[in-house]
Amino acid sequence: MPSATATCSVCAGSRYNPETLEVKWNNLTIADVLDLTVDDATKVFHGHDGIQRSLKALTSLGLGYLTLGQPATELSGGECQRIKLAWELQRVQRTPTLYLLDEPSTGLHPSDMDKLLVVLDELVKRGHTVIMAEHNMRIVAEADWVIDLGPGSGLKGGRVVSSGSPEEVSASEESLTAPWLSAQLKKRAGDPDCGG
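Residue numbers for the sequence shown, in the working numbering: 278 to 473.
Shown next, in the form of structure tokens:
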């Protein structure tokens, strides 16, 4: 059954009682703050380092369009994963961490994919390990190590067809992924025949 929502007649959807909404900071109520996008909040909270660190982590992952009060039920799986990554980016880590991601590029605009790659690279530079299931060749081409499962999908797959660097996997004759990965590597290298 699809979810249904109704606007509260008392608070008009603000989620706060009238007394709470009388309290303002910089002429903004808590409802106003929660309606801000992450990008707008970055300007409003200029000079507040702790808040800025969290907001910049969200922005670095292309999530500046989200509102601060956005219900979790309205977020996509990719947005949820990137919010978790943002949390990891802004916190102080003392030990290496293993990150398992399931197609974090799903639904991303190409410019946001660039942001995701920068963040993933930063995690690796900090000594962390990132393992992901991913079908986007732009992301796969940036990996240190690729494990290609196949040879087909579903019941026709499930075994390691090829593994190695992206260049090694792109040369595999058994891999159905190889031609697509090879084309992406050529595009990344600026091969004029690949539109890059």
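Every residue gets a Cβ at the ideal spot worked out from N, C-alpha and C, and that includes glycine.
Query - 3 or more residues per run - each beta strand (DSSP E) lying fully within the segment 389-454 - result: 406-410, 423-427, 436-441
Query raised in the report: Does the segment 336-350 touch the segment 389-397, meaning 3 or more C-beta pairs lie closer than 8 Å?
Result: yes
Query raised in the report: Just reading off the alpha helix (DSSP H) that L335 is part of, what are its end residues?
Result: 326-337
Query raised in the report: Is the beta carbon of S442 less than 8 Å from the beta carbon of W422?
Result: yes
Report task. Express the C-alpha separation of L458 and T314 in angstroms, rounding to a whole number. Result -> 36 Å
Query raised in the report: Is it a yes or a no for the segment 431-445 touching the segment 405-412, going by three-plus beta-carbon pairs under 8 Å?
Result: no
Requested in this report: Could you tell me the distance, in whole angstroms, from the CA atom of S439 to the CA atom of S449?
Outcome: 7 Å
Report task. Hey, could you find the ends of the beta strand (DSSP E) L362 is sitting in? Result -> Looking at the DSSP string, L362 is not in any beta strand (DSSP E); the run it does join, the alpha helix (DSSP H), is 354-367.
Requested in this report: Would you mind sorting P381 into buried or exposed? The rule is 16 or more other CB atoms within 10 Å of its CB.
Outcome: buried
Query raised in the report: Can you name, in chain order, every residue of its own chain whose Cβ lies under 8 Å from the Cβ of T284, other than the five neighbours on each side?
Result: G290
Query - Cα-Cα separation, S280 to E444 - result: 46 Å
Requested in this report: State the start and end residues of the unbroken beta strand (DSSP E) segment that holds L375.
Outcome: 375-379
**Report entry** Residue nearest to Y293 in terms of C-alpha spacing, selected from V310, I328, Q461
**Finding:** V310
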